[in-house]
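Peer 1: The numbering used here applies: residue 86 is where the sequence shown begins, and numbers increase by one.
Dropping the structure in here first, questions after.
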Amino acid sequence: MKSLTILSALLLAGFAAADPIKTDILTLTEDFYLEDLVVYTGENEITNIVVPLNSINFNDHTDLENFDVYVFFVEADKGLYVLKNNAATKVLDNGKDVASSMDDSTQVFIGATDGIYTFNAEKKTAEKYGTLTDNIKNILVTNGTDEIFILTEDKVFYKVTEGGTKKEEITNVKDAIQVVLDPLNNLYFVDSKKHVYVKSFEDGTVRKVKGVPANPKFVELLRPPAIVDDGVPLISGKKVYDVHANATAEFTGLILNSKPSAYAVEATLVLYFAHDKKIYQYSVVDIINSTAEMMGQVKSFIEDKAPQVKEAAQKKSIRL
């Protein structure tokens, strides 16, 4: 049954880092991408998807079973878009990444080829933030302190200060090609040699991650599900790993034979995957309901986790 395979894949992608499920190896194939789950079809490949976890999407009135939030995505050679109410709107021609904190703010920051912008939700437009003009590859916002960090295309990692007018280089994050934060503000990064590192939020030390394959052809970090505190998913080759803040990693049991071009698993109960110029929306709740008779144990697991997910998505601050 396709829905059963999809559910198993979603569980591994969205929950394994928080509470690993003992399972056989699962291989994700083309059957994962069902046409009735498509929410956007583009002209070019989708290269990035972000679902902000602050109050622009999640508040006390959020209904996680009837999910309609701001979903940001980048379409290659076309720019940054936002998907809302089943309609896609272009936000910025040169937008490349999006970030927000997990709190009661509604502010969303955009990293672009010429600096930082903020998202105007009422107009669905981008407004320049500060005076920096760096070509930004990744942008991050810490939880609790709302500090902004950027990774530039020339592999330099900065802390942004004074309202986006100044920056300070973080010198122990070297040669980075991708950076991701977990909810406790630990920094995970990949360098140009495809080595994976963790920078501790508590003491600032940087450690190389153990337990991941050496010399992989492909490595990508994902933003973690909302219920995960101190870890992030990692794709190495075709395999998905959980990387932990203690600089260890373990294989989740998921193999991506048909790899998405972009992912957003941070919302946890509703996940987004891009493949072949399309964005697919997967509601874990809907799939559980359709396979309830066969998946009693898994349904119980999700129901146990649902309050934790909602609390994480709606919480107003992070204790650091």
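All C-beta atoms in this analysis are idealised placements derived from N, C-alpha and C, irrespective of residue type, glycine included.
Taking Cβ positions, are residue 490 and residue 165 nearer each other than 8 Å?
Peer 2: A query on residue 490 cannot be resolved here, the shown segment of the chain reaching from 86 to 405 and no further.
Peer 1: Please list, in chain order, all residues of the same chain as residue 257 whose beta carbon is under 6 Å from its beta carbon, the five residues on each side excluded.
Peer 2: As a working mapping, residue 257 is identified with position 172 in the sequence shown. Hits under 6 Å: 291.
Peer 1: If you reduce the DSSP assignment to three classes, tell me which class residue 369 lands in.
Peer 2: Translated into positions along the sequence shown, residue 369 becomes position 284. Correct three-state label for residue 369: helix.
Peer 1: Rounding to the nearest angstrom, what Cα-Cα distance links residue 218 and residue 338 in this structure?
Peer 2: The sequence position of residue 218 within the sequence shown is 133, counting from 1. The sequence position of residue 338 within the sequence shown is 253, counting from 1. So the two alpha carbons sit approximately 42 Å from each other.
Peer 1: Please return the same chain residues whose Cβ sits closer than 6 Å to the Cβ of residue 281, not counting the five positions on each side in sequence.
Peer 2: One-based indexing of the sequence shown puts residue 281 at position 196. Around residue 281: 275, 294 and 297.
Peer 1: At what residues does the beta strand (DSSP E) containing residue 324 begin and finish?
Peer 2: As a working mapping, residue 324 is identified with position 239 in the sequence shown. Its beta strand (DSSP E) spans residues 324-329.
Peer 1: Whose C-alpha, out of 201, 208 and 328, is nearest the C-alpha of residue 249?
Peer 2: As a position in the sequence shown, residue 249 is number 164, starting the count at 1. Ranking the options by Cα distance to residue 249, first place goes to 201.
Peer 1: Give the secondary structure of residue 225 by DSSP, where H, G and I count as helix, E and B as strand, and everything else as coil.
Peer 2: Within the sequence shown, the letter at position 140 stands for residue 225. Note: residue 225 maps to strand in three-state DSSP.
Peer 1: Could you give the DSSP three-state label for residue 117: helix, strand or coil?
Peer 2: Within the sequence shown, residue 117 is the residue found at index 32, counting from 1. Reduced to three states, the DSSP call for residue 117 is helix.
Peer 1: Per DSSP, residue 360 forms a beta bridge with which residues?
Peer 2: Taking the first residue of the sequence shown as 1, we reach residue 360 at position 275. Answer is 363.
Peer 1: Residue 212 to residue 204, Cα distance in whole Å?
Peer 2: In the sequence shown, residue 212 corresponds to position 127, counting from 1. In the sequence shown, residue 204 corresponds to position 119, counting from 1. Rounded to whole angstroms, residue 212 to residue 204 spans 6 Å at the Cα level.
Peer 1: Can you name, in chain order, every residue of its own chain whose Cβ lies under 7 Å from the Cβ of residue 315, other than the five neighbours on each side?
Peer 2: Here the question's residue 315 lines up with position 230 in the sequence shown. Within the same chain, residue 315 has close Cβ partners 267, 269, 271, 329 and 330.
Peer 1: In terms of alpha-carbon separation, which member of 195, 346, 357 and 340 lies closest to residue 112?
Peer 2: Within the sequence shown, numbered from 1, the residue matching residue 112 stands at position 27. It is 340 whose Cα lies nearest to the Cα of residue 112.
Peer 1: Give the secondary structure of residue 305 by DSSP, where H, G and I count as helix, E and B as strand, and everything else as coil.
Peer 2: As a first step, residue 305 is located in the sequence shown; it is residue number 220 there, counting from the start. Correct three-state label for residue 305: strand.
Peer 1: Would residue 193 pass as a contact of residue 223 if the rule is Cβ separation under 8 Å?
Peer 2: Counted from its first residue, the sequence shown places residue 193 at position 108. Counted from its first residue, the sequence shown places residue 223 at position 138. No; because the gap between Cβ atoms is not below 8 Å, this pair is not in contact.
Peer 1: Can the beta-carbon of residue 190 be found closer than 8 Å to that of residue 139?
Peer 2: Here residue 190 refers to the residue found at position 105 of the sequence shown. Here residue 139 refers to the residue found at position 54 of the sequence shown. The answer is yes: Cβ separation under 8 Å.
Peer 1: Beta strand (DSSP E) containing residue 174: first to last residue?
Peer 2: On the sequence shown, position 89 is the one that residue 174 refers to. Per DSSP, residue 174 belongs to the beta strand (DSSP E) from 172-177.
Peer 1: Quick one: what does DSSP say residue 168 is sitting in, helix, strand or coil?
Peer 2: As a working mapping, residue 168 is identified with position 83 in the sequence shown. Three-state DSSP puts residue 168 in a strand.
Peer 1: In angstroms, rounded to a whole number, what distance separates the CA positions of residue 287 and residue 131?
Peer 2: Translated into positions along the sequence shown, residue 287 becomes position 202. Translated into positions along the sequence shown, residue 131 becomes position 46. So the two alpha carbons sit approximately 35 Å from each other.
Peer 1: Could you pull out every residue in the same chain whose Cβ sits closer than 7 Å to the Cβ of residue 345, ignoring the five residues on either side in sequence?
Peer 2: Here residue 345 refers to the residue found at position 260 of the sequence shown. The answer, listed in chain order, is 358, 359 and 360.
Peer 1: Near residue 173, what residues of its chain come up, given a Cβ to Cβ distance below 6 Å and the 5 sequence neighbours on each side ignored?
Peer 2: By one-based count along the sequence shown, residue 173 stands at place 88. Excluding residues within five positions, the ones whose Cβ falls inside 6 Å are 125 and 166.
Peer 1: Run the CB neighbour count on residue 242, radius 10 Å, all protein chains shown included, and call it buried at 16 or more, exposed below.
Peer 2: Taking the sequence shown and counting its residues from 1, the one referred to as residue 242 is at position 157. Counting Cβ neighbours within 10 Å, residue 242 comes out buried, since at least 16 surround it.
Peer 1: Verify whether the separation of the beta carbon atoms of residue 128 and residue 362 is less than 8 Å.
Peer 2: For the purposes of this step, residue 128 is taken as the residue at position 43 of the sequence shown. For the purposes of this step, residue 362 is taken as the residue at position 277 of the sequence shown. Yes; because the gap between Cβ atoms is below 8 Å, this pair is in contact.
Peer 1: Report the CB separation of residue 262 from residue 240 in whole angstroms; it is logged as a contact under 8 Å.
Peer 2: Taking the first residue of the sequence shown as position 1, residue 262 is located at position 177. Taking the first residue of the sequence shown as position 1, residue 240 is located at position 155. That pair is a contact at about 6 Å.
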